[in-house]
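Be aware that the sequence shown starts at 1, since it is given in full-length UniProt numbering, and climbs by one per residue.
A virtual CB, placed ideally from N, CA and C, is assigned to each residue, including glycine.
Source: prediction; values computed, not measured.
Worksheet: one structure, shown below.
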Amino acid sequence: MTAPPSSQPDHGHDALDDDGAAGAPSGHENPVQDVAASHEEPPPPGGFSDTPVPHATPGFTLKFTFHRANHLPIADINTMSSDPYVLAQLNTALPPRHKEDPLLRMRSPTVHRSTEPVFECEWIVANVPASGFKLKVRLYDEDPADHDDRLGNLHINVPQLSEDWEGIHQQTYKLRKRLASKRAYALRAAAVAVNKAEHMGAEIVVSIELLGRTQDPYNEGGRAYTLGPLLWYRHNSPLLGRIVNRTDSGGDDESNHPIKYDRHGNRINRYNFQANEIQLRGPVPPELYHRYVEFKPFVRSMYTAKGVRGFLLSKALHHQHARVYNYDKSTSWGKFDEPCFEQTMKFLELVHFDQGGRIFTYVLTLDALWRFTETGKEFGIDMLSKHTMHSDVSVYIAFSGEFFIRRLKHPHHRADAEDEGEHQHHHHSHHRERSGDNSTHPPDDISGGPPVDEPPKDPKHYELVIDNDSGTYRPNAKLLPLLKSFMESRLPGLKVTTLDCQADADKMARMKQEQRDLKAREGDQIVYHQLSESDNDSSSLSSSDEDELEEAVQSHHARVRDDHVLHAFGHQARAQQQAKAQHLKSLAHRPGSGMTGHKGHPDPVEAPDVGAPQ
């Protein structure tokens with residue numbers, strides 16, 4: 001699993017090969033533009049790459065288990081404890097397709113407030129070659145408001161593997177303090193000095209088990225990938241929620257944050273922006289391989305962090321990614337051993353089923369990590385940077401685009417069954433005539449679900465509509481059938497329909513507009529309120545809370561009204577200014593007027609027009 005760095009600092013590219021500029025490799029094609037005509041300019045470098053996976057014999061499947069850590073330093077002086085997690089990186093001798101390919105990493109869930117954490121976190125990796133591996137383990141202290149402190153390092157080298165390799169069982173390793181937080185170890189030393197702790201050296205207990213030869217579905221061993229467990233994360237950001245005007249609609253957090261209402265019966269929700277990650281079972285089809293498109297001169301330096309401008313842009317985008325996919329105590333997580341009905345239901349729960357007409361932006365990484373957030377015109381591309389932000393400025397990814405969910409009237413029939421396997425150039429009226437056989441929500445109102453009833457808890461009632469609408473990576477539309485089969489195999493029971501952002505441009509635009517229309521009709525008509533810690537402990541609203549909410553609503557309406565008034569006044573003022581300028585210009589052009597501007601300075605509009613009387 002490729003680990004998102006969240007709020008921790010850059011963990012460093014200390015893999016076997018990780019430097020050099022990202023030149024455009026051979027075999028690139030850009031499906032967006034037709035280059036058959038010689039008079040057209042060639043497309044910019046990037047997009048689909050047909051570089052094959054280097055051939056190798058299928059390797060071994062290993063299970064790494066991080067059991068627990070002991071005597072960790074104290075990173076938080078307020079709690080005299082730490083919030084540790086494991087970041088593991090596996091390096092092998094397998095040559096990458098390109099040296100800019102992302103590293104193979106896994107981030108464990110965080111254990112909060114513990115210097116003796118029990119992780120019991122597994123990581124199953126396929127196609128580890130017989131030439132062995134180097135496992136790099138780092139322990140960090142999670143700090144959502146600041147950079148994450150490093151608590152220790154560990155390197156495990158295994159020079160070769162064979163089918164009779166005995167593995168490593170519950171082995172205790174001392175963590176090296178190199179580059180670790182000096183402040184954290186100083187606090188640990190102080191605790192030992194006052195007999196609050198007995199040991200100074202930190203340790204971690206690790207097991208490595210060989211599960212056998214990898215049964216690769218493509219019968220190739222040229223790339224290692226995550227086989228399991230299938231972790232999912234839901235990241236919550238109240239600050240981003242306030243910025244983009246998004247609230248928490250409850251769901252799996254209702255037990256921690258009960259639904260509250262004001263005196264007028266309006267539902268009160270917390271501001272929250274939700275970012276999601278789902279580790280799908282690898283591998284992704286080898287054909288799904290795309291590079292960023294150099295549509296502007298500065299783009300290459302941004303991805304390679306070369307030069308001052310490139311370094312600053314890359315740093316800013318990494319920071320954006322860390323803010324959106326931020327880990328803290330509100331982060332929800334879980335895991336599945338294999339693709340199953342429950343994993344599909346968790347995905348539908350994360351996207352809120354067919355409620356609210358949501359549209360999501362996604363990136364699928366080369367290690368089958370699926371990242372997505374709700375997006376739209378109101379989100380502001382400057383803040384999110386779309387697919388660049390989701391990929392954490394990765395040079396190569398598997399696929400990217402947008403998707404949304406629709407509920408089917410007849411679960412056992414596909415809404416657009418006859419569209420599968422062919423281009424979908426259909427007239428609007430023709431589509432509506434067909435969709436009457438199996439209408440969807442949206443655009444039609446279908447009983448047995450939102451907005452009146454709770455959504456059905458069965459994947460067969462839903463359809464995932466996914467496309468390749470990404471200007472950053474411009475995925476090849478010819479690979480959409482591969483993406484469809486991959487997603488259907490990883491989300492059992494869910495119907496998948498693909499759209500080509502060019503060939504199906506009209507249909508895609510219409511369907512997304514139907515999503516936006518549904519959002520306008522069925523969006524949460526609620527009073528937005530940022531809950532504090534004290535709100536979580538209270539069971540009802542005080543009169544002062546009600547007054548504040550009422551005042552907030554009135555202030556919101558007043559701000560909207562004032563914005564319209566200011567806009568009107570601004571338009572009127574600009575018109576008056578233009579009229580005055582024209583008047584002064586006409587006076588200046590009169591023979592012998594000799595006018596000067598304000599305070600005797602020449603007026604900038606007094607230059608005579610061509611042909612003016614002299």
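Nearest-angstrom Cα separation, counted from residue j out to residue i
i	j	result
Ala88	Met80	26 Å
Leu211	Thr365	25 Å
Cys340	Tyr218	21 Å
Val284	Gln171	33 Å
Lys63	Lys335	15 Å
Thr92	Arg407	44 Å
Ala126	Leu227	6 Å
Phe66	Trp333	17 Å
Ala275	Pro411	28 Å
Tyr85	Tyr327	11 Å
Thr57	Ala75	45 Å
Glu163	His387	41 Å
Met302	Pro96	22 Å
Trp370	Val308	31 Å
Leu518	Ile405	12 Å
Ser543	Lys346	Note on Ser543: pLDDT 39, under 50, position unreliable in the model; the coordinate value appears next. So the alpha carbons of these two residues sit roughly 38 Å apart.
Gly401	Pro481	14 Å
Ser108	Glu120	9 Å
Arg223	Glu142	31 Å
Burial state of residue i (16 or more Cβ within 10 Å)
i	result
Tyr225	buried
Val395	buried
Val118	exposed
Ala145	exposed
Pro44	buried
Ile446	buried
Ala607	At Ala607, the pLDDT of 38 sits below 50, so the modelled position is not reliable; the number obtained from the coordinates is stated separately. Its Cβ having fewer than 16 others within 10 Å, Ala607 is exposed.
Val137	buried
Gln513	exposed
Pro442	buried
Glu463	buried
Asp392	buried
Gly448	exposed
Ile77	exposed
Pro129	buried
Gln355	buried
Gly471	exposed
Pro297	exposed
Gln279	buried
Arg521	exposed
Pro42	exposed
Arg510	exposed
Bounding residues of the alpha helix (DSSP H) (the contiguous stretch that carries residue i)
i	result
Gly310	307-324
His390	386-390
Ala275	Here Ala275 belongs to no alpha helix (DSSP H); instead the beta strand (DSSP E) covers 273-279.
Leu480	480-490
Leu139	Run containing Leu139: none in the alpha helix (DSSP H); it sits in the beta strand (DSSP E), 133-141.
Phe347	341-350
Tyr225	Tyr225 -> not in any alpha helix (DSSP H); beta strand (DSSP E) instead, spanning 225-228.
Glu522	505-522
Thr172	Careful: Thr172 lies outside any alpha helix (DSSP H), inside the beta strand (DSSP E) at 168-174.
Ser301	299-304
Closer than 9 Å to chain D by CB, residue i
i	result
Tyr462	The chain labelled as chain D is not found in the depicted structure, where only one protein chain is given.
Residues bridged to residue i (per DSSP)
i	result
Val118	Arg68
His290	Phe48, Ile397
Asn236	Gln274
Ser81	Asp76
Leu62	Val125, Leu210
Ala88	Met106, Val137
Leu94	According to DSSP, which records beta bridges pairwise, Leu94 is partnered with nothing at all.
Ile359	Thr375
Ile446	Per DSSP, none; premise fails for Ile446.
Leu408	Thr440
Beta-carbon separation (whole angstroms), residue i vs residue j, contact threshold 8 Å
i	j	result
Leu350	Arg234	6 Å
Val465	Leu499	6 Å
Tyr362	Thr51	23 Å between Cβ atoms; not a contact.
Leu116	Asn70	The amino acid at residue 116 is misidentified as Leu; the sequence shows Glu. Confirmed, about 6 Å.
Ala202	Leu151	6 Å
Leu175	Leu139	6 Å
Bounding residues of the beta strand (DSSP E) (the contiguous stretch that carries residue i)
i	result
Asp203	This sequence places Glu at residue 203; Asp is not what is there. Note, Glu203: beta strand (DSSP E), 203-213.
Glu463	462-467
Arg150	149-158
Val496	495-499
Ser332	332-336
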